[in-house]
Amino acid sequence: VEDQFNLAKFYEEV
Amino acid sequence: MFEAKLQQGVIFKKIVDAIKDLVKSVNIDASTSGLSMQAMDSAHVALVSLKLNENGFKDYRCDRPITLGLSIENLSKILKCAGNDDTITLQTDEEEPSSLKFFFENQQASKISEFSLNLMSLDSESLGIPDTDYSSVIQMSSAEFSRICKELSSISETVEIETSKESVKFSVQGDIGAGSITVKNNQSDKDVDRVDLQIDQPVKLTFALRYLNMFNKAVSLSSTVSLNMSEENPLMVEYKIDDLGSLRFYLAPKISD
Chain A
613 VEDQFNLAKF YEEV
Chain B
2 MFEAKLQQGV IFKKIVDAIK DLVKSVNIDA STSGLSMQAM DSAHVALVSL KLNENGFKDY
62 RCDRPITLGL SIENLSKILK CAGNDDTITL QTDEEEPSSL KFFFENQQAS KISEFSLNLM
122 SLDSESLGIP DTDYSSVIQM SSAEFSRICK ELSSISETVE IETSKESVKF SVQGDIGAGS
182 ITVKNNQSDK DVDRVDLQID QPVKLTFALR YLNMFNKAVS LSSTVSLNMS EENPLMVEYK
242 IDDLGSLRFY LAPKISD
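If you read the protein sequences in the order shown, they are chains A and B.
For the first sequence, the working numbering gives the first residue as 613, with consecutive numbering after it.
For the second sequence, the working numbering gives the first residue as 2, with consecutive numbering after it.
And the structure:
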């Protein structure tokens, strides 16, 4: 969905 | 050796019911401190995080940390065989278990069911979620929040949540028109009416209602829910599970123009 942020924008993969 | 016995097995059933529309397979990490699980939906827009403390179990033993890869669909099939009043015990005595045993016992211990669920090896794609000091925290009735989300999703797919010192406003805009529901601080002694706002900084964020409606399947776990927001941050929705732990959902905001 183009107008939806993704969690990877906020949280780092560990 | 890992064994965890939950007196109120129905809690485990409710947790799985609450997440089965969101995630397909999960890794449950068992350690001496308890069980934890983190998983994302396929689009990586929403994340569920479960923490169950060992002292919330009737019996709990975990000699060394193990990871249990489970298919939620298959887990659901097994849990359907557990009665709502049964105790549920998870158990394996292998170090690298290929399956997980489940025991369901009724109150009179007159009926004992035993199942073994084959485990999956899932690559862990977990995110590091820092402890966040949210600038807007709303505690309210989980049933009320669930109702607001359901009602507004008939008008639009997205909801704007705007907080201020004394109220929180849920607004929608759709083809048929627009609407908003404003909820004010309310120290009522009736759970369903009580609303507790802690607003250090007001926020205005927009979210997809279909995810919120999925999160609200956890309403049977707790009569209250907390919405935790900060600008430019995912929303964190938390259902505390009495003296056992918590089920948290994180949802990335929409890109507001």
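Don't be surprised by glycine CBs; every beta carbon is placed ideally from N, CA and C.
All of these numbers come straight from a predicted model, not from anything done at the bench.
Here Asn85(B) is exposed. Its C-beta has fewer than 16 other C-beta atoms within 10 Å. Asn214(B): member of the alpha helix (DSSP H) spanning Leu210 to Phe216, first to last residue. The criterion of a C-beta distance shorter than 8 Å is not satisfied by Asp615(A) and Lys170(B).
Identification of chain A residues near Gly129(B) by a Cβ-Cβ cut-off of 9 Å yields Tyr623, Glu624, Glu625 and Val626, ordered along the chain.
Gln616(A) is bridged by DSSP to Lys255(B). Less than 8 Å divides the Cβ of Ile162(B) from the Cβ of Met230(B). In this structure, Leu80(B) is the residue among Leu80(B), Ser72(B), Thr93(B) and Asp134(B) with its C-alpha nearest to the C-alpha of Gln9(B). With respect to chain A, the C-beta atom of Ile20(B) has no partner C-beta closer than 8 Å. DSSP places Glu126(B) in the coil class of the three-state scheme, outside both helix and strand. A check of alpha carbon separations from Ile73(B) across Leu118(B), Asn187(B) and Thr207(B) identifies Leu118(B) as the nearest. With fewer than 16 other CB atoms across the displayed protein chains lying within 10 angstroms of its CB, Asn56(B) is exposed.
Annotation for Glu239(B): the continuous beta strand (DSSP E) segment containing it runs Leu236 to Ile242. Below the 7 Å Cβ cutoff, chain A contributes Gln616, Asn618 and Leu619 as neighbours of Val46(B), in chain order. Assignment of Gly84(B) by DSSP, reduced to helix, strand and coil, places it in the coil class. Per the C-alpha coordinates, the member of Ile20(B), Thr88(B), Val184(B) and Lys185(B) positioned closest to Asp60(B) is Thr88(B). Taking the beta carbon of Asn234(B) as reference, the chain A residues within 7 Å of it are Phe622, listed in sequence order. With respect to the C-alpha of Val220(B), the residue from Gly129(B), Arg65(B), Ser247(B) and Lys191(B) having the closest C-alpha is Ser247(B).
In the three-state DSSP reduction, Lys112(B) falls in the coil class, being neither helix nor strand.
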